[in-house]
Amino acid sequence: MLPAPQVIKDKTSYRRLLLILSIVWLALNFTVLVWGKVLPWDALDQFYPTVYFNAHSLRSGIAPWWNPYIYGGYAQIGDPQGMLFSPLLMGWMLLLAHPSAHWFAWGILLHVLLGGAAMLALLRRHGANALGALVGATVFMAGGVAASRLEHTPIVIAYAYVPLVLLALRHLIARPGIGRGCLLGLAAGAMVTQLVQVTYLFVLVIVAYACVALARAWRSEGAGWRWRTVGGVLVALVVALALGLPQLVFSWASLSLSNRSDMALSLATDGSLDYRAFLFLLNPNAYDGMRDFRAAPIDPVQSFLYIGVVPLLMLFALGRAWRSAAHRRTIACFAGLSGLAVVYMLGTHTPVYGWLYSWLPGLTHFRRPSDAAYVLNFALAFLAAIGASYIDLRSRREVTTLLVIATVWLALIAALCRLAPHGAPLLAVIVGGLALWRLRTPGTEWRTALWIVALLAADYRSFNLNGTFNTSGNGAARYASHPAVDYLSGALASEDGSPAGRIATQHTTTIWDNMGVLPHIASTQGYNPLRYALYETWYGPRESSNAPSPGSPYNASPSARLDDLLGVRYLVIGDEDQSPTYLPPPSYRKVQSYPHLDIWQNDAAYARFLAPTDVHLLKVGELPDLEAFTATDFSKALWLTPRDEDDRTEAAMASSTCTGDVSVQTLQLAHTRQELRTTSVAGGWVVAGELDHPGWGADIDGEPVPIHRANGMFRAVCVPAGTHRLRFTFHPWRMVAHAWDRLSAKRN
């Protein structure tokens, strides 16, 4: 009988491996790290402004709970993708007073390197040799969707923490104690501050991994080890909850108030991978997707599963590894994980996802089953590492065969790419040829391993990270220097302490959605899939400028009355390369014109705080007559649109006494606080052009008073006669209490 194959072992130090991995990371991300490019699409347009707002607010001594610059006001603390509690990223962004998009990109890519370094150590603990650990860690950092979806910043961060959590778990099992339990808790807590589906899926993976690892060790260890392990795990849970629970609680409350409190199963279809996506495993330019995203029959970004030719060839060595008992269990577990990930990411194309959707808690909040491609990439990284560890680097014939097949395969891919506009498809072929030439003479196993890793890095530099998915010009800098932004900043600036006006946008690029946080330009639009349901219903905002506007009859052109109530003083209309298709209301006048961009001024916009005297009190759920609402002079009249019976009862009582004129003076304005002085002879109404959100409360001279819902989505308070201080404050726990009360009411 032939002896069982063994791992081709080595004594290469972890420091040397980390140095090589860092060089690979630098080479793959050179255009961003050194040449000043930034991460593209969502990373630039949605997530950079979000994190900038968090960091800049904190450095300014302002609580970033409420973002006044998007969607007419937004509960930033409840955004599951807001990254406010992400410790390392926020720490990185807080280092500079005005962190740039390039600085932000560095922070994200450092997370990728952190994850790769942890993966390197984790694979070594699983018995991978130097080549296997380097291949697996590189696949983890830049294979498949880890490369194509760098735009999805919270997902990238959550994914980067996964090997760190598993490595901390392995250290705890090896030598249990409170200190190692704390480290595990810190890693796990940092991961779960990104409340995305990738976190959800990997929590399940980590729990399964922990159960298997603990069960194996439990049988062979004594009572002392067991007690220390239980204590360490409990400490880890406490620390993880302390770090992750705030984001979880606030996001739960915000979700209950959002347009995504529950989503229909059908909405997951667009985010389900097509079977045709598996061609990307073999060809990174399948369907000519890297050349033209729009012409491809499936989305190349979500479907990009290419882990590289070398790792794919390493998978063929798993048969050899299987015959060795040392890695049979690891291969079985991660092969099974790959299968589960494939079934999940196919989503509604199989009945399994619908079955999971019907009973698995939390799944109704997600719409993209293709996120499981991250789990697949992680599993394939493990399998490729194990396979690579069984490649005989001492065999010239085996290494030459591997390199010849890889080089020919890469040459075929390069030919199929037809000189695609990004990257250099022939780079990997050239490196493959150089490797064959250099390894024609005997040398050390380390030299051979380095050439194989160099070929993998060249493969990724040619296709995965060639600029198609990972780089963009610095649109944030271009936005900040645009003369239209300079004009709006000056025109909207308040000289008398009154609230600054807002802008609305039509047919602009996505850079106009969230980037207003940099020059402090507040907008009625934004870039986020999660929006306040009340605002969604009445105003009808877009998810982004890439998405169609659902619209609302109460803000429809040509009247746009909610824009007036929100204090929209300027309308920005873009045309790109086409003629404008949106006509502003007749009362608007064009005041500035730039290439592909016009600015219109709205002189009919209302002041932020109004004091109407005429009241129209509606029933709960009753909508104002559209024609009457449109014709209303909101400086004189308000529509009380109660949110519930309690609100209606209190509003009816207040309406009998609040009949006089009120003079309103602004005393203090901040993100989470608005303080006014009111003067009235008989008492009357103050209506704020701010959203009626459960996180906001009101008090008069320190005594809490009820906020009533007015004009569909705004706040109104009845103030008594005399001179008083009216204060609106936002507190996240009010939002949580409201969500808890709603949940309790449903159960009863």
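Under numbering that gives the first Met the number 0, the first residue of the sequence shown carries the number 0, and numbering increases by one thereafter. Every residue, glycine too, gets a C-beta built ideally from N, C-alpha and C.
Inter-residue spacing [alpha-carbon to alpha-carbon] between Trp-91 and Leu-625: 50 Å
Contact under 8 Å by Cβ, Arg-179 with Leu-266: no
Thr-152 - DSSP class collapsed to helix/strand/coil: Collapsing the DSSP output to three states places Thr-152 in a helix.
Contact the region 242-262 vs the region 529-541: 3+ CB pairs below 8 Å: yes
Neighbourhood of Gln-673 by C-beta, 6 Å cutoff - its chain only, sequence neighbours within 5 removed: Scanning its chain for C-beta atoms nearer than 6 Å, with the 5 sequence neighbours on each side dropped, one finds around Gln-673 the residues Phe-727, in chain order.
Lys-589 in three-state terms, based on DSSP: strand
Trp-34 (DSSP reduced to helix, strand or coil): coil
C-beta atoms of His-348 and Tyr-274 nearer than 8 Å: yes
Sequence-distant residues of its chain with Cβ nearer than 8 Å to Ile-510 (five each side left out): Leu-43, Asp-44, Gly-474, Ala-475, Arg-477, Tyr-478
Thr-758 - partner residues in DSSP beta bridges: A question about residue 758 goes unanswered here, because the residues of the chain that appear run from 0 up to 747.
For His-55, the first and last residue of its enclosing alpha helix (DSSP H): 47-58
In DSSP terms, what Gln-748 is bridged to: Any question about residue 748 goes unanswered here, given that the chain covers just 0 to 747.
Contacting residues, own chain, Cβ-Cβ under 6 Å from His-615 (five flanking each side not counted): Excluding positions up to five away in sequence, the list reads Trp-638.
Span of the alpha helix (DSSP H), counted from its first residue to its last, around Val-308: 308-314
Cα-Cα separation between Gly-307 and Gly-143, rounded to whole angstroms: Cα to Cα, the separation comes out at about 8 Å.
Under the three-state DSSP convention, the category Gly-386 falls into: helix
Leu-487 versus Pro-583 - alpha carbon distance: Rounded to whole angstroms, Leu-487 to Pro-583 spans 18 Å at the Cα level.
Classification of Lys-10 by the beta-carbon crowding that lies within 10 angstroms, buried from 16 upward: exposed
Residues near Trp-761 in its chain [Cβ-Cβ closer than 6 Å; skip 5 each side]: Nothing can be reported for residue 761, as the shown portion of the chain is limited to 0 through 747.
Test item: CB-CB of Ala-120 and Leu-166 under 8 Å: Cβ atoms of Ala-120 and Leu-166: closer than 8 Å.
Exposure of Trp-450, with buried meaning 16 or more beta-carbon neighbours within 10 Å: buried
Residue burial classification, Pro-547 (beta-carbon count within 10 angstroms, cutoff 16): exposed
8 Å Cβ shell around Thr-612 - same chain, five flanking residues per side excluded: Lys-635, Ala-636, Thr-658, Gly-659, Asp-660, Gly-683, Trp-684
Under the three-state DSSP convention, the category Glu-689 falls into: strand
Assigned secondary structure, Tyr-605 (DSSP; H/G/I helix, E/B strand, else coil): coil
Whole-number beta carbon distance between Tyr-70 and Thr-677, since they are thought to touch under 8 Å: With a Cβ gap of about 27 Å, Thr-677 and Tyr-70 do not count as contacting.
Limits of the unbroken beta strand (DSSP E) element including Thr-504: 501-505
Short Cβ contact (8 Å threshold) for Phe-292 with Pro-731: no
Integer-rounded CB distance, given that Ile-172 should sit under 8 Å from Ala-207: Incorrect: roughly 15 Å between the Cβ atoms, too far for contact.
Every unbroken beta strand (DSSP E) inside the region 160-221 [3 residues or more]: List check, beta strand (DSSP E) in window: nothing returned.
C-alpha distance - Phe-608 paired with Gly-338, whole-angstrom precision: 58 Å
Glu-702, DSSP secondary structure in three states: strand
Close beta carbons around Leu-17, own chain, < 7 Å, minus the five adjacent residues each side: Ala-116, Leu-119
Boundaries of the beta strand (DSSP E) in which Phe-713 is found, first to last residue: 713-718
Ala-146, enclosing alpha helix (DSSP H) - first and last residue: 144-147
Gly-431 to Pro-424 span [Cα, whole Å]: 12 Å
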